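Have a look at the structure below, then the notes.
Number of protein chains: 2
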Amino acid sequence: MSGPAGGDASKADLVHRQLKEEIELGELAPGTPLSELWLVERTGASRTPVREALRRLAAEGLVDLVPRQGARVSRVSLQSVRDLFDFRTLLEPAAMRQATEAAAADPELRRLFTAMRNEFARTVRRVPSQARSRAFYELADRFDWAIIGATRNEHLRRTIAELRPHTARLRNLSHVDPQRVEVSVAEHLRMCDALLAGDADGAAAAIADHLEQSLATIFRNLARGPGEGLDLLG
Amino acid sequence: MSGPAGGDASKADLVHRQLKEEIELGELAPGTPLSELWLVERTGASRTPVREALRRLAAEGLVDLVPRQGARVSRVSLQSVRDLFDFRTLLEPAAMRQATEAAAADPELRRLFTAMRNEFARTVRRVPSQARSRAFYELADRFDWAIIGATRNEHLRRTIAELRPHTARLRNLSHVDPQRVEVSVAEHLRMCDALLAGDADGAAAAIADHLEQSLATIFRNLARGPGEGLDLLG
DNA sequence: TGTATACAAGTTGTATACAGTATCGGCAGC
DNA sequence: GCTGCCGATACTGTATACAACTTGTATACA
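So the sequence lines, in the order shown, correspond to chains A and B. In this text, residue positions in the first sequence follow full-length UniProt numbering: the first is 1, and each later residue adds one. In this text, residue positions in the second sequence follow full-length UniProt numbering: the first is 1, and each later residue adds one.
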């Protein structure tokens, strides 16, 4: 799944993870050239593991690889954002359905989601608005991973997991809208409630709605300020 | 897309393509150990491109990679077959909808699918039943690629393309049922008709039905004869 | 006889040297 | 002043050598 768990750690793994994180956080802006030698200097590993990391990132779509020219951090276009969210809207409601069924059959899982539901509620009530968005996104991340973990179908699970860095990067490249956080908390509460009620259709609808609102917000923000490293060609 | 088109051809590409084909055809049975040195002897390339090919195959799920032990051709379980078809049933109707819309807007594409529709019809009428299944599968392959090519969403397109080798392998590992071919031709005709009529819902339903029938056939055949390299543990 | 340990073979992980190719600069010619 | 050629440079693609680890076996010992 490559997500929160950290395995043994070959150098290729380490370089991969480090680059992935930096791309996700926007520290490596879209279009940044990633020469193998530069990465060798930067990471201390030799070319072989660096190469492997780059190939993996390319397979995940985080890096564009041109055969005899080199690698660059993949660019983000309006079209790619649309494609990403359309695809997520296809996959994630299905995952939500599976998670709902899994929770209905597993008290342990229900406890987990109940706890998260309470955390979401607490976030909006108790956390000062300064730190609120950070706390919220950290929590939303854990929620996403919980859904992924509760997804039975392996292909679905892996594919959704692979999309997450793209979404995260988008969030980090565009400016966060504090107002959006309030609404997003409400959307997450609705997802939790439907899931805990065993209402698969409701949960699916809730996440579809959430995705639609997220996309709308991103587009609004892009229209306002161009953002750090976004190509608006698409 | 890595499918029918063949690019420049680095050694890593060649090894990757060759192994992929052999796994697809079942010449390399599930569970076969793939030592890097063995592949070096076999392919004439050095370890570096062989390694890269193995990593790529692992990312595609065709090879299982255990960190310090080696690679094996990935095994096929009942559960993995179910997962595969469930996932395809999620993705391919959506692709079919996009292809239908694309065809409605593009006369060139309509001509292509009209031609294919006729070929399907001809297959059942004119081709002697000896060679019929081979001809059919070759045609069905081209149909699949045409759908993939007409799919607008890049994530959807790539994901579906990546699943194809798994399906093909399954077909080649289990015994082909000649009766199934007749029915499958009819299903493809129905898909073509709906697509050409601009009936996205109908096309989506047709492919969903096709997938359901395919899965049922595979399960029937597996119940009958255990097949060549299938684990029935799942 | 059963268990633990040391050894040996084979494998992957990593580093590095070499070869081929694309890019960018300057320079001659028009 | 502009275009086209050509060499230098830097990069990737490939091969190979070395290191670290895992597994299976044989042997010593309780």
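By construction, the Cβ of each residue, glycine as well, lies at the ideal position given by its N, Cα and C atoms. Quick caveat: nothing in here was measured; it's all calculated off a predicted structure.
Contacting residues, own chain, Cβ-Cβ under 6 Å from residue i (five flanking each side not counted)
{"i": "Q18/A", "result": "none"}
{"i": "R117/A", "result": "C192"}
{"i": "R157/A", "result": "I148, T151"}
{"i": "R110/B", "result": "A103"}
{"i": "A64/A", "result": "Correcting the residue identity first, residue 64/A is Asp in this sequence and not Ala. Hits under 6 Å: R72, S74."}
{"i": "V127/A", "result": "A135"}
{"i": "H210/A", "result": "E187"}
{"i": "A5/B", "result": "In this prediction, A5/B has a pLDDT of 42, which is less than 50 and means its spatial position is unreliable; what the coordinates show is noted afterwards. Answer for A5/B: no residue qualifies."}
{"i": "A204/B", "result": "P93, M96, R97"}
{"i": "E52/B", "result": "A12"}
Start and end residues, alpha helix (DSSP H) containing residue i
{"i": "L156/B", "result": "154-173"}
{"i": "R220/B", "result": "200-224"}
{"i": "residue 238/A", "result": "Outside the shown range of chain A (1 to 234) lies residue 238/A, about which nothing can therefore be said."}
{"i": "E108/B", "result": "107-126"}
{"i": "E60/A", "result": "Where E60/A is concerned, there is no enclosing alpha helix (DSSP H), given that its DSSP letter is neither H nor E."}
{"i": "A186/A", "result": "178-196"}
Within chain B, the residues that residue i reaches when beta carbons sit closer than 7 Å
{"i": "A94/A", "result": "L90"}
Residue range of the unbroken beta strand (DSSP E) whose run includes residue i
{"i": "D64/B", "result": "63-66"}
{"i": "A150/B", "result": "Unbroken run through A150/B is the alpha helix (DSSP H), 129-150; no beta strand (DSSP E)."}
{"i": "V73/A", "result": "70-73"}
Residue i - partner residues in DSSP beta bridges
{"i": "P49/B", "result": "DSSP, once it has assigned bridges, lists no residue as partnering P49/B."}
{"i": "P93/A", "result": "Per DSSP, none; premise fails for P93/A."}
{"i": "P33/A", "result": "R72/A"}
Interface residues of chain B facing residue i [CB-CB closer than 8 Å]
{"i": "R55/A", "result": "E52, R55, R56"}
{"i": "N153/A", "result": "D83, D86, F87"}
Neighbouring residues, chain B, relative to residue i (Cβ below 9 Å)
{"i": "L156/A", "result": "D83, D86, F87, L90"}
Same chain, Cβ closer than 7 Å to residue i, five either side skipped, listed in chain order
{"i": "E154/A", "result": "none"}
{"i": "A104/A", "result": "G198"}
{"i": "T217/A", "result": "D177, R180"}
{"i": "G202/A", "result": "A194"}
{"i": "R56/B", "result": "H16"}
{"i": "E101/A", "result": "A200"}
{"i": "I207/B", "result": "E92, P93, M96, M191"}
{"i": "L215/A", "result": "F85"}
{"i": "E108/B", "result": "none"}
{"i": "residue 243/A", "result": "Residue 243/A is absent from the structure shown; chain A starts at 1 and stops at 234."}
{"i": "S35/A", "result": "G70"}
Other residues of its chain near residue i: CB distance less than 8 Å, five sequence neighbours each side excluded
{"i": "V40/A", "result": "S46, R47, V50"}
{"i": "L84/B", "result": "L163, H166, T167, L170"}
{"i": "A58/A", "result": "D64, L65, A71"}
{"i": "F113/B", "result": "A103, A146, C192, L195, L196"}
{"i": "R132/A", "result": "T123, V124, P178, V181"}
Residue i: contacting residues in chain A (beta-carbon distance under 7 Å)
{"i": "T159/B", "result": "T159"}
Interfacial residues, the stretch 60-92 of chain B to chain A, with Cβ spacing under 9 Å: E60, G61, P67, R68, Q79, S80, R82, D83, L84, D86, F87, R88, L90, L91
Which of the residues in the stretch 103-121 of chain B, read from start to end, lie with their CB under 8 Å from any CB of chain A? none
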